[in-house]
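For the sequence shown, counting from 1, position 25 maps to 80 in this note's numbering; every step adds exactly one.
Report on the structure given below.
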Amino acid sequence: MPRSRKKTIVILACVVIGGIAIARHFRSADHDTAGHHGAAHPLAPVAMATAKKENFPVWLTGLGTVTPVYTVTIKSRVDGELVKVYFKEGDRVHRGDPLVDIDPRPYEVQRDQALGQLTHDQALLDNARIDLQRYQTLVKTGAIPEQQLVTQQALVTQYEGTVLTDKSQVDNAKLQLIYSHITAPVDGRLGIRMVDQGNMILAAASLGLVVLTQLSPITVIFPLPQDYLPQIQQAMKGPEPLRVEAWDRTNQFRLATGVLQTLDNQVDTTTGMVKLRAQFDNKQDELFPNLFVNARLRVTTLPDATVIPVAGVQQGNQGPFVFIVDDKMRISLRKIKPGPTEGDQIAIVEGLAPGERVVTDGVDNLREGMTVTLASKAH
């Protein structure tokens with residue numbers, strides 16, 4: 056083959072190979088350019104919520120204990136045999152209802168003895184007074200010496216003291232007889248009986264007969280940090296009592312609603328907490344003594360507050376912020392000043408206006424200026 060022809064073939068081959076390489080290069084460049092262009096404006100799926108304007112309640116929460124107003128251990132004030140039990144365990148009783156009887160016969164005997172002694176000494180006093188009146192007449196005529204009159208006056212005074220003592224003995228015997236019949240001192244619910252009928256009861260015994268607990272009304276004692284003390288005191292000066300809600304330990308169910316009754320007079324120096332007592336009607340026995348509950352005290356209400364879901368507030372190096380979504384679905388970052396929370400809602404004090412939309416989900420890869428798409432309906 057002539058040398059010129061070979062040279063021509065080689066040149067053509069080089070041209071073809073070079074063209075293919077150049078075409079691939081530009082195709083790759085086009086793909087890279089398209090990829091960078093698409094990454095600049097991604098359509099990230101997010102969930103959004105619209106800021107609302109509403110009156111926002113401010114609550115303070117503390118772990119409280121249900122505490123009865125009255126818890127009474129029923130004890131006997133006299134010794135004797137327990138002869139009668141009027142109640143069943145768990146019964147509800149009212150003040151004055153009979154509970155138990157201690158054998159009253161020994162105290163009836165003591166009463167009768169005291170009455171007999173009083174009758175005897177009263178008769179002596181009456182006779183001494185008659186003699187005194189006679190002696191007062193006789194001494195004027197000189198029939199008896201004056202000393203006899205003085206002695207008779209002293210005897211009358213002595214008998215008066217004896218009669219007064221006898222009356223006290225009668226009253227004491229009657230009181231012991233009353234104590235042998237034990238009644239309920241307050242309204243409430245009885246617990247488990249600790250002594251059975253037929254046992255001997257001693258007034259000095261430490262063990263009671265039964266425990267009586269008042270259930271309605273009932274209170275909850277709960278602590279709050281001392282930092283809230285000025286806010287609580289200011290709220291207590293209002294015309295209406297502060298509302299308190301009792302929730303179960305999981306904060307899922309509201310058990311009862313009551314009012315704040317009082318504030319303790321000192322702060323616990325070991326915990327920095329102050330105790331509060333709230334009172335509840337408890338007509339349906341929603342609260343049980345010594346039950347642990349979450350007590351929520353409503354101290355104030357923020358009027359016309361801007362409210363969004365808590366999930367819409369993000370934390371950054373510069374503090375809390377939100378992602379704002381404009382009408383063109385573009386993202387912008389804005390610093391805010393958050394306020395109190397209530398459940399899954401939070402009040403925004405500064406930086407957000409009602410009607411603006413914030414991102415509540417899908418914030419991981421968001422950047423300023425990105426375009427987003429709605430993944431779920433706004434709240």
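Think of the CB as a built atom: it goes at the ideal place given N, C-alpha and C, for glycine as much as any other residue.
Values in this document were obtained by computation on a predicted structure and should not be read as measured data.
By alpha-carbon positions, which one of the options ends up nearest to residue i?
| i | options | result |
| --- | --- | --- |
| PRO393 | ILE199, SER271, ASN337 and ALA366 | ALA366 |
| GLY424 | ARG132, HIS175, MET384 and GLN339 | MET384 |
| VAL314 | ASP323, LEU331 and THR305 | LEU331 |
| ASP181 | VAL194, ARG160, LEU346 and GLN207 | GLN207 |
| VAL266 | GLN288, PRO358, GLY406 and GLU144 | GLU144 |
| GLN231 | ALA198, ASP158 and LEU262 | ASP158 |
| ARG160 | ARG147, LEU137 and GLY171 | LEU137 |
| MET328 | PHE111, LEU279 and THR116 | LEU279 |
| GLY151 | LYS222, ILE237, GLN172 and SER223 | ILE237 |
| ARG147 | LEU407, SER131, PHE347 and LEU245 | LEU245 |
| GLN307 | GLN339, VAL348 and GLY371 | VAL348 |
| SER235 | GLU163, VAL113 and VAL121 | GLU163 |
Would you kindly report the start and end of the unbroken alpha helix (DSSP H) that includes residue i?
| i | result |
| --- | --- |
| VAL218 | 201 to 234 |
| GLN288 | 284 to 291 |
Contact criterion: CB-CB distance below 8 Å. Does residue i meet it with respect to chain B?
| i | result |
| --- | --- |
| THR192 | Annotation note: the requested chain B is absent from the structure, which comprises a single protein chain. |
For residue i, which of helix, strand or coil comes out of DSSP?
| i | result |
| --- | --- |
| GLU136 | strand |
| THR174 | helix |
| VAL418 | coil |
| VAL124 | coil |
| PRO296 | coil |
| GLY394 | strand |
| THR428 | strand |
| THR238 | strand |
| ILE129 | strand |
| GLY197 | coil |
| ASN110 | strand |
| VAL368 | coil |
| ARG160 | helix |
| ARG82 | Because ARG82 sits at a pLDDT of 47, beneath the cut-off of 50, its placement in the model cannot be relied upon, and the point is left open. |
Note down, in chain order, each residue of its chain lying with its Cβ closer than 8 Å to the Cβ of residue i, except the 5 sequence neighbours on either side.
| i | result |
| --- | --- |
| GLU40 | With the chain represented from 56 up to 434, any question about residue 40 goes unanswered, as that position is not in the structure. |
| GLN455 | Residue coverage of the chain in this structure runs from 56 to 434, which leaves residue 455 outside it and unanswerable. |
| LYS390 | GLN373, GLY374, PRO375, PHE376 and GLY406 |
Leaving out five residues on either side along the sequence, give the residues of the same chain with a beta carbon under 7 Å from the beta carbon of residue i.
| i | result |
| --- | --- |
| GLY417 | ALA99, PRO100, VAL101, ALA102 and ALA430 |
| LEU297 | ALA290, MET291, VAL314, LEU315, LEU352, ARG353 and VAL354 |
| THR217 | ASP176 |
Since residue i is in the beta strand (DSSP E), which residue starts that stretch and which ends it?
| i | result |
| --- | --- |
| ASP359 | 347 to 364 |
| LEU154 | 153 to 157 |
| SER462 | Residue numbering for the chain in the displayed model covers 56 to 434; residue 462 lies beyond these limits and cannot be assessed. |
| PRO100 | 98 to 105 |
| MET328 | 328 to 335 |
| LEU388 | 386 to 390 |
| LEU315 | 309 to 318 |
| GLY374 | 374 to 380 |
| ILE401 | 400 to 405 |
| LEU245 | 243 to 245 |
Ignore the nearest five residues each way along the sequence and tell me which others in residue i's own chain have a CB closer than 6 Å to its CB.
| i | result |
| --- | --- |
| VAL140 | VAL155 and GLN252 |
| VAL194 | GLU201 and LEU204 |
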